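Q: Just dropping this structure here.
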Amino acid sequence: MSALGHIVLVGMPGSGKSTVAPLLAARLGREAVDVDTEVERHLQMSAQRAFDELGEQRFRAEERAAMERALGSQRPLVIAGGGGMVAQPGAVEILARHATVVFLDASDAVLLDHLGPAAVDRPLLAGAPADALHHLRVARAHAHGHAQLRVAVDGLCPGDVVERIAGAVSGAVRVATPHPYLVRVAPGLREQVGEHLPVSARRVVLIADQAVAATAEVIATALRGDRVTVTVVSLPGGEQAKQWAVAGHLLERCSDAGLDRDDCIIAVGGGSIGDVAGLVAATYLRGVAWLGVPTTLLAMVDSAVGGKTAVNLRRGKNLAGVFWQPRAVLCDTDVLDTLSDRSFRSAFAEVVKSSMVGGGGLAELVDDRLTAALARDPKALAELVRGCCALKAEVVAGDERESGRRAILNYGHTVGHAVEALTGLGSGLDHGEAVAFGMRVAGELSVAQSGCPPSVIEHQDDLLDACTLTVRPALAAADIVAELGSDKKARAGVPRWVLLRDRGEPVTGIVVEGEAVGAALSEALVR
Ligand SMILES: NC(=O)c1ccc[n+]([C@@H]2O[C@H](COP(=O)([O-])OP(=O)(O)OC[C@H]3O[C@@H](n4cnc5c(N)ncnc54)[C@H](O)[C@@H]3O)[C@@H](O)[C@H]2O)c1
Numbered sequence: 001m002s003a004l005g006h007i008v009l010v011g012m013p014g015s016g017k018s019t020v021a022p023l024l025a026a027r028l029g030r031e032a033v034d035v036d037t038e039v040e041r042h043l044q045m046s047a048q049r050a051f052d053e054l055g056e057q058r059f060r061a062e063e064r065a066a067m068e069r070a071l072g073s074q075r076p077l078v079i080a081g082g083g084g085m086v087a088q089p090g091a092v093e094i095l096a097r098h099a100t101v102v103f104l105d106a107s108d109a110v111l112l113d114h115l116g117p118a119a120v121d122r123p124l125l126a127g128a129p130a131d132a133l134h135h136l137r138v139a140r141a142h143a144h145g146h147a148q149l150r151v152a153v154d155g156l157c158p159g160d161v162v163e164r165i166a167g168a169v170s171g172a173v174r175v176a177t178p179h180p181y182l183v184r185v186a187p188g189l190r191e192q193v194g195e196h197l198p199v200s201a202r203r204v205v206l207i208a209d210q211a212v213a214a215t216a217e218v219i220a221t222a223l224r225g226d227r228v229t230v231t232v233v234s235l236p237g238g239e240q241a242k243q244w245a246v247a248g249h250l251l252e253r254c255s256d257a258g259l260d261r262d263d264c265i266i267a268v269g270g271g272s273i274g275d276v277a278g279l280v281a282a283t284y285l286r287g288v289a290w291l292g293v294p295t296t297l298l299a300m301v302d303s304a305v306g307g308k309t310a311v312n313l314r315r316g317k318n319l320a321g322v323f324w325q326p327r328a329v330l331c332d333t334d335v336l337d338t339l340s341d342r343s344f345r346s347a348f349a350e351v352v353k354s355s356m357v358g359g360g361g362l363a364e365l366v367d368d369r370l371t372a373a374l375a376r377d378p379k380a381l382a383e384l385v386r387g388c389c390a391l392k393a394e395v396v397a398g399d400e401r402e403s404g405r406r407a408i409l410n411y412g413h414t415v416g417h418a419v420e421a422l423t424g425l426g427s428g429l430d431h432g433e434a435v436a437f438g439m440r441v442a443g444e445l446s447v448a449q450s451g452c453p454p455s456v457i458e459h460q461d462d463l464l465d466a467c468t469l470t471v472r473p474a475l476a477a478a479d480i481v482a483e484l485g486s487d488k489k490a491r492a493g494v495p496r497w498v499l500l501r502d503r504g505e506p507v508t509g510i511v512v513e514g515e516a517v518g519a520a521l522s523e524a525l526v527r
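Counting in full-length UniProt numbering, the sequence shown tops out at residue 527, every number present.
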């Protein structure tokens, strides 16, 4: 099964589901299933007759059964979803488990035009189609709002709709959390943010790093063109943004903007802005939708995916936060052009980390494309971003709240966080540099404690060297050991390590004697 699962088209009658499904299926090399046709075939009668003779309840049950049969297929399909089925209780959850849902959004005028005189023959539109459409739209708004992608079809021919959808899903990564979402990676995505807003959203607060004001402006202009009211709140990025007081200020700005439960927050910036804006989204009105538009490579390969939001406390990083998944993550690779070399390079610590814990195809990809990506080759970069996001998506879907496997992503972070805390947040080694150093220490320990072949760690260190992630903190090993006990993953002051048995074979929850840690640190500090 493809990582995207089935693609289910939902929308109002006349929005083009049945026309677009076979065309999209052909475009993507899939088969198409039309739920309404399946119901008619199963019942051996037209939908209209089934409605009249068997009643709506039976018809919906048949629709649901047909949808479940299609969703059970091992081959990835394009499914034209029965319009009414999606609004039945439980349908949104079933679709979320198995499919990427695309909402074909058409105005009433276009729907009536598409339906033509036959509108009055439709079971739910008989009599006064315009009024009926309005009621149906309201009744189905919840279901349509859960779609991971919205395509505004007014003015588009079916071929254009197909290209829009194919363009959006090709190369996208699906994060299969209970509310699944897409991570898209491509140049120019900042213009397409509107495709992922909740259908109900009329207002947006755009929380943007000042360093990417131009990107924020492009997004705001595109959304205003869709008649969304946009409030841009700019602030300096970096660790200074990850403060409780900043989150409080942003919450007040959301309130001032009149944001309500149907509206949306968009985070435009690096990991720092994503972390604080995500926390604001999670807490404002007890949780509103948010979209991530990461503008640093670190945020694209790591922080934007997975729903961890946080601010720092005096004692350390990320000590106050919640899990709150975004609605979509749009990695527009064009925005990396302005990123400093230091920030760009340091993100490769997370890329190398992902390849060490993920292994397999991602390890091959990183080994193969690292040099080109370091030279900012756009294709190589996009491939690495996608590969890292796919690993993160797979891990997060299996363990959203880090009660198990998700901990593998912390490889290198035990020491990394301690170093960041000791060198002063935002003033010493940056996150990637600290993690790279932490990986060197964890690598030493992996050889000594977990039987990892030394050649694997030599290769890891060569990759980090190639990224010029060679800076060592000006700290004593004993000070770092003392700080490790404060790590938030420590239990009773004893840190739990993520080590490697091999590339792609991480082990978690490992307790290592302080002496062995000190020796590995001393070695890594001078090597
Ligand atoms: N939530 C998670 O799962 C997760 C994972 C990893 C890291 N993080 C967090 O992410 C943060 C680090 O994120 P980061 O590395 O993206 O740094 P950042 O957000 O601090 O940004 C680094 C610098 O780059 C600037 N900047 C951002 N985008 C730019 C662009 N396109 N062009 C020019 N300058 C730009 C910012 O203003 C800032 O000065 C840390 O706080 C870390 O704890 C979170």
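Ideal placement from N, C-alpha and C gives every residue a C-beta, glycine not left out.
Every value quoted in this text rests on a predicted model; they were computed, and no experiment measured them.
Verify whether the separation of the beta carbon atoms of residue 324 and residue 287 is less than 8 Å.
A: Contact: yes.
Q: Report the CB separation of residue 161 from residue 104 in whole angstroms; it is logged as a contact under 8 Å.
A: Confirmed, Cβ separation roughly 7 Å.
Q: Tell me the rounded alpha-carbon separation between residue 50 and residue 134.
A: Their backbone Cα atoms lie some 24 Å apart in a straight line.
Q: Beta-carbon within less than 6 Å of residue 530's beta-carbon, same chain only, minus the 5 sequence neighbours each way: which residues are those?
A: Look at the range of the chain in this structure, 1 to 527, and you will see that residue 530 is not part of it.
Q: Is residue 38 helix, strand or coil by DSSP?
A: It is helical.
Q: According to DSSP, is residue 31 part of a helix, a strand, or is it coil?
A: Residue 31 falls in the strand class under three-state DSSP.
Q: Can you find the residues in the same chain that come closer than 7 Å, C-beta to C-beta, to residue 523, ignoring five residues on each side of it along the sequence?
A: Once the five neighbours on either side are set aside, the close Cβ partners of residue 523 are 444.
Q: Check residue 507 in the structure and name its three-state DSSP category.
A: Three-state result, residue 507: strand.
Q: Would you decide whether residue 142 is buried or exposed? Buried here means 16 or more other CB atoms lie within 10 Å of its CB.
A: With fewer than 16 Cβ atoms within 10 Å of its Cβ, residue 142 is classed as exposed.
Q: Which residue's Cα is closest to the Cα of residue 448: 516, 46 and 389?
A: Here the closest residue by C-alpha is 516.
Q: Three-state secondary structure (DSSP) at residue 157?
A: Note: residue 157 maps to coil in three-state DSSP.
Q: What residue from 224, 320, 233 and 293 has the CA that sits closest to residue 185's CA?
A: Answer by Cα proximity: 293.
Q: Considering residue 338, what are the terminal residues of the beta strand (DSSP E) in which it resides?
A: First-last for residue 338: undefined, no H or E at that position.
Q: How close, in whole Å, do the beta carbons of residue 273 and residue 207 come, if the pair is a contact with beta carbons under 8 Å?
A: About 6 Å; that satisfies the 8 Å criterion.
Q: Have a look at residue 114 and residue 414 and give me their C-alpha separation to the nearest angstrom.
A: Cα to Cα, residue 114 sits roughly 59 Å from residue 414.
Q: If you run the structure through DSSP and keep just helix, strand and coil, what is residue 125?
A: Correct three-state label for residue 125: coil.
Q: Which ranges does the beta strand (DSSP E) cover as unbroken runs of at least 3 residues, wholly within the region 434–511, from first to last along the chain?
A: Entirely contained in the region 434–511, the beta strand (DSSP E) runs reaching 3 residues are, in chain order, 497–502 and 505–510.
Q: Residue 12 and residue 95 look like a contact to me (Cβ under 8 Å); what is the Cβ gap, rounded to whole Å?
A: About 17 Å; that fails the 8 Å criterion.
Q: With burial defined as no fewer than 16 other Cβ atoms inside 10 Å of the residue's Cβ, what is the status of residue 290: buried or exposed?
A: Buried, because 16 or more other Cβ atoms sit within 10 Å of the Cβ of residue 290.
Q: Quick check on residue 319: buried or exposed, where buried means 16 or more other Cβ atoms within 10 Å of its Cβ?
A: Flag for residue 319 reads exposed.
Q: Spell out the partners DSSP gives residue 105 in its beta bridges.
A: DSSP, once it has assigned bridges, lists 152 as partnering residue 105.
Q: So within the region 307–335, which uninterrupted beta strand (DSSP E) runs reach at least 3 residues, ignoring any that extend past its ends?
A: Listed in chain order, the complete beta strand (DSSP E) runs (minimum 3 residues) inside the region 307–335 are 311–313, 316–320 and 328–332.
Q: Are residue 99 and residue 165 touching if we call contact CB-CB under 8 Å?
A: Not a contact, by the Cβ cut-off of 8 Å.
Q: Who are the Cβ neighbours of residue 525 in its own chain at under 7 Å, not counting the five residues just before and after it?
A: Cβ neighbours of residue 525 beyond the five flanking positions: 472 and 477.
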